[in-house]
Amino acid sequence: GIEFVTRKVTDGVARIKLGLTKQLALGNMDAKRDWGHAKDYVEAMWLMLQPDKPDDYVIATGRTTTVRRMCEIAFAYVGLNMQDHVVTKPEFFRPAEVDILLGDASKAKAKLGWQAKISLEDMIHEMVEADLTRLKQLK
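Just so we're aligned, residue 292 is where the sequence shown starts under our numbering, counting upward by one.
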């Protein structure tokens, strides 16, 4: 959904690129997250269903990235400078912010042979493209 920061950023980047808005308002730019692609996670789910005995796994990329860096990737993809468009607003800071979210998928790798394959950069580029396509259709 658009309320998630990844979607908010890629939608905002697409809107700015298409001239529909000039700024993107965000909260904590230094929060660190472990973002992964749904295709990778669906593969992990399928692999979890294959063994005869069920087990619990952490599915994650094992790579943490700040919201700031994720924005830089998205804006650079469309040839824009993030600093020209992003504003930080206190109302977008979460009262119970978790500074860093980072998963350890070593068990999934050891037992299932799974690891994330799609890079954050490729995922963000794909999301920006999807938002550009969607917004162009609305114009």
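The C-beta atom is built at its ideal place from N, Cα and C for all residues, glycine as well.
Are the beta-carbon atoms belonging to Leu453 and Val378 less than 9 Å from one another?
This structure leaves residue 453 out entirely; the chain is present only between 292 and 430.
Could you spell out the range, first to last residue, of the beta strand (DSSP E) harbouring Thr379?
Along the sequence shown, one-based indexing puts residue 379 at 88. Unbroken beta strand (DSSP E) run through Thr379: Val377 to Thr379.
For Ala399, the nearest candidate out of Arg298, Leu340, Gln374 and Asn372 (CA to CA):
The residue labelled residue 399 in the question sits at position 108 within the sequence shown. If we check each option's Cα against that of Ala399, Leu340 comes out closest.
For Arg298 versus Leu426, is the C-beta spacing smaller than 9 Å?
Locating residue 298 in the sequence shown gives position 7, counting from the first residue. Locating residue 426 in the sequence shown gives position 135, counting from the first residue. Not closer than 9 Å, so no.
Once the 5 residues before and after Asp302 are set aside, which same chain residues still bring their CB inside 7 Å of it?
Translated into positions along the sequence shown, residue 302 becomes position 11. Counting only Cβ-Cβ distances below 7 Å, and skipping sequence neighbours, we find Ile293 and Asp422.
Start-to-end residues for the beta strand (DSSP E) that takes in Leu315:
For this step, residue 315 is matched to residue 24 along the sequence shown. Taken as a continuous stretch (DSSP letters only), the beta strand (DSSP E) holding Leu315 covers Leu315 to Leu317.
Apply the 10 Å Cβ neighbour rule to Leu392 and answer buried if 16 or more other Cβ atoms are within range, or exposed otherwise.
Stepping through the sequence shown from its first residue, residue 392 is reached at position 101. It counts as exposed.
Bounding residues of the alpha helix (DSSP H) (the contiguous stretch that carries Gly370):
Stepping through the sequence shown from its first residue, residue 370 is reached at position 79. Unbroken run through Gly370: none, as it is neither H nor E.
Need the endpoints of the alpha helix (DSSP H) that Arg385 sits in, please.
Here residue 385 refers to the residue found at position 94 of the sequence shown. Run containing Arg385: none; DSSP gives neither H nor E here.
Take Ile409 as the anchor and find which of Ile350, Glu420, His328 and Glu388 has the nearest alpha-carbon.
Within the sequence shown, numbered from 1, the residue matching residue 409 stands at position 118. Taking only the C-alpha atoms, the option nearest Ile409 is His328.
Between Leu338 and the rest of its own chain, which residues show a CB-CB distance below 6 Å, the 5 nearest in sequence each way excluded?
As a working mapping, residue 338 is identified with position 47 in the sequence shown. Excluding residues within five positions, the ones whose Cβ falls inside 6 Å are Leu403 and Trp405.
Thinking just about the alpha-carbon of each residue, which of Thr356, Ala407, Asn372 and Ala365 is nearest to the one in Ile415?
Translated into positions along the sequence shown, residue 415 becomes position 124. Ile415 has its Cα closest to that of Ala365, out of Thr356, Ala407, Asn372 and Ala365.
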